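Peer 1:
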Amino acid sequence: MEREAERALQDLMTRLASGDRSAFRPVFEQVRPIVERFAARGLASEADAEDAAQQALIKVFARASSFDPSRDALAWILTLTTYEIRTIRKKHQRRREETSEALAAVAGGGPTPEAQVLERELLEGLLEVLGTMRAADAEAILAGAALIERPSVAPATFRKRLQRAMERLKDAWGAGHEQ
Amino acid sequence: MNSDRLFDRARQAYEWARLRRALPHALLPVPPLAIAVEVCSAELACVAGALMLSVLLVFCAWRGQVFERAIAPGLMAGLAAFLLPLAGRLLGGCGVAIFAESGGLSASFAACVLGGALAGAFVASRVMRAEGERLVLLLTATTIASLLGSLGCAIAGLAGVSGMLAGVALSAGPLWVWGRARA
Numbered sequence: 070m071e072r073e074a075e076r077a078l079q080d081l082m083t084r085l086a087s088g089d090r091s092a093f094r095p096v097f098e099q100v101r102p103i104v105e106r107f108a109a110r111g112l113a114s115e116a117d118a119e120d121a122a123q124q125a126l127i128k129v130f131a132r133a134s135s136f137d138p139s140r141d142a143l144a145w146i147l148t149l150t151t152y153e154i155r156t157i158r159k160k161h162q163r164r165r166e167e168t169s170e171a172l173a174a175v176a177g178g179g180p181t182p183e184a185q186v187l188e189r190e191l192l193e194g195l196l197e198v199l200g201t202m203r204a205a206d207a208e209a210i211l212a213g214a215a216l217i218e219r220p221s222v223a224p225a226t227f228r229k230r231l232q233r234a235m236e237r238l239k240d241a242w243g244a245g246h247e248q
Numbered sequence: 279m280n281s282d283r284l285f286d287r288a289r290q291a292y293e294w295a296r297l298r299r300a301l302p303h304a305l306l307p308v309p310p311l312a313i314a315v316e317v318c319s320a321e322l323a324c325v326a327g328a329l330m331l332s333v334l335l336v337f338c339a340w341r342g343q344v345f346e347r348a349i350a351p352g353l354m355a356g357l358a359a360f361l362l363p364l365a366g367r368l369l370g371g372c373g374v375a376i377f378a379e380s381g382g383l384s385a386s387f388a389a390c391v392l393g394g395a396l397a398g399a400f401v402a403s404r405v406m407r408a409e410g411e412r413l414v415l416l417l418t419a420t421t422i423a424s425l426l427g428s429l430g431c432a433i434a435g436l437a438g439v440s441g442m443l444a445g446v447a448l449s450a451g452p453l454w455v456w457g458r459a460r461a
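Protein chains in written order, with the working numbering: chain A, 70 to 248; chain B, 279 to 461.
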């Protein structure tokens, strides 16, 4: 997203958070294609991507009043969308795995329920921190984790972006989890 | 889901979330109401005033922008108008009559006028420093202050409430005009 458009979105989200209803339609028209594109990258099925995009869009507006203007609006929106993408992926994963399969996996040395809970909590913490970072950094990290498609840049350029984003993620994680 | 339906659902989600966020403001008048009802016999008037204040606070928080910004200064100003007559009560009795029968009630009445004047001056001074729709901010904050003040001024009866309102208007009005002339 271009800088000008990002700044405009930031301004619109700030106004919407304060209760300015005239910002509603412009935010809807700007955010909807962003969320739809992002969901389409994260989910193979068109129907699933549409579901995730709609849920994410509704969540963006349900939480708009508590949006903190000091945060990056685009990254915040992408974080909410990522939650919806993960929710749908998990739903599919649960359908595929029967209880006996899960027990068999544990018996066969797979992850324990405790390990799965820890992994889920770590992932949720990661997503929360991502919401505080710049959109470009969040995008690089999500692409590095194969949650979204890689941007079309040279591999060496992407590796550098990812490396810088990971350093900033470590700083942001450390600052947020000091206690 | 088509675009219009999605838009409507998103709009509903936004408005419901704002309303849920605003509802706790309805409880803000409860502590002053409890004090007012304890001190004075004009319970019905106090409850009516508190209900109106609750509705106004929820509306302002839900509506947002300048209305939401009026809540804090309105409540702070209203505290003076609420507390002074109660302090004045310590000097005399509580009355529901329109006219004072004793010096005690005159003290409450004077406290109502003074409280109203302080409230109006406080709101006007805050509004002059604010950005945006100052008149709406002034009117909303003074209404909040007046409703809160009326809970305390009910101990001096209708005269007390009227005196408080007059105090608010006579201090906020000229300050507002003076502030605009300076700008």
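C-beta atoms are modelled at their ideal positions from N, C-alpha and C, and glycine is treated no differently.
Since the model is a prediction, treat every value here as computed from it, not as a measurement.
Should A:Asp117 go down as buried or exposed, given a rule of 16 or more other Cβ atoms within 10 Å for buried?
Peer 2: Classification for A:Asp117: buried.
Peer 1: Work out the CA separation of A:Asp89 and B:Leu436 for me, nearest whole Å.
Peer 2: The straight-line gap from Cα to Cα measures roughly 38 angstroms.
Peer 1: Taking all protein chains shown into account, do 16 or more other C-beta atoms lie within 10 angstroms of the C-beta of B:Leu322, making it buried, or fewer, making it exposed?
Peer 2: So B:Leu322 counts as exposed.
Peer 1: Closer than 7 angstroms by beta-carbon distance: list the chain C residues that pair up with A:Ala131, in chain order.
Peer 2: Although the question refers to chain C, the structure presented lacks it and instead comprises the protein chains A and B.
Peer 1: Classify B:Leu413 as helix, strand or coil using the three-state DSSP reduction.
Peer 2: Here B:Leu413 sits in helix by DSSP.
Peer 1: When DSSP labels each residue in this structure, what does B:Cys318 get in the three-state scheme?
Peer 2: Looking at B:Cys318 - three-state DSSP - the assignment turns out to be coil, as it is neither helix nor strand.
Peer 1: Counting only C-beta atoms, is A:Ser91 closer than 8 angstroms to chain B at any point?
Peer 2: It does not: the Cβ of A:Ser91 has no partner Cβ on chain B nearer than 8 angstroms.
Peer 1: Which term fits A:Glu153, buried or exposed, when burial requires 16 or more other beta carbons within 10 angstroms of its beta carbon?
Peer 2: With 16 or more other Cβ atoms within 10 Å, it is buried.
Peer 1: Using a C-beta cutoff of 8 angstroms, does A:Ile146 count as contacting chain B?
Peer 2: Taking Cβ atoms only, chain B never reaches closer than 8 angstroms to A:Ile146, which makes this a no.
Peer 1: Where do the ends of the alpha helix (DSSP H) carrying A:Thr83 lie?
Peer 2: Run containing A:Thr83: 72 to 86, per the alpha helix (DSSP H) assignment.
Peer 1: Can you list, in chain order, the residues of its chain with a C-beta nearer than 7 angstroms to that of B:Val391? Leave out the 5 residues immediately preceding and following it.
Peer 2: Cβ neighbours of B:Val391 beyond the five flanking positions: Gly441, Met442, Ala444, Gly445.
Peer 1: In three-state terms, what does DSSP make of A:Ala234?
Peer 2: Three-state result, A:Ala234: helix.
Peer 1: With A:Pro102 as the anchor, note down where its alpha helix (DSSP H) starts and where it stops.
Peer 2: Run containing A:Pro102: 93 to 111, per the alpha helix (DSSP H) assignment.
Peer 1: I'd like to know if A:Gly88 contacts chain B, where contact means its C-beta is closer than 8 angstroms to some C-beta of that chain.
Peer 2: Answer yes: the Cβ-Cβ gap between A:Gly88 and chain B drops below 8 angstroms somewhere.
Peer 1: Just checking, does the region 139 to 146 of chain A make contact with the region 74 to 83 of chain A on the three C-beta pairs under 8 angstroms criterion?
Peer 2: The answer is yes - the region 74 to 83 of chain A touches the region 139 to 146 of chain A, with three or more Cβ pairs under 8 angstroms.
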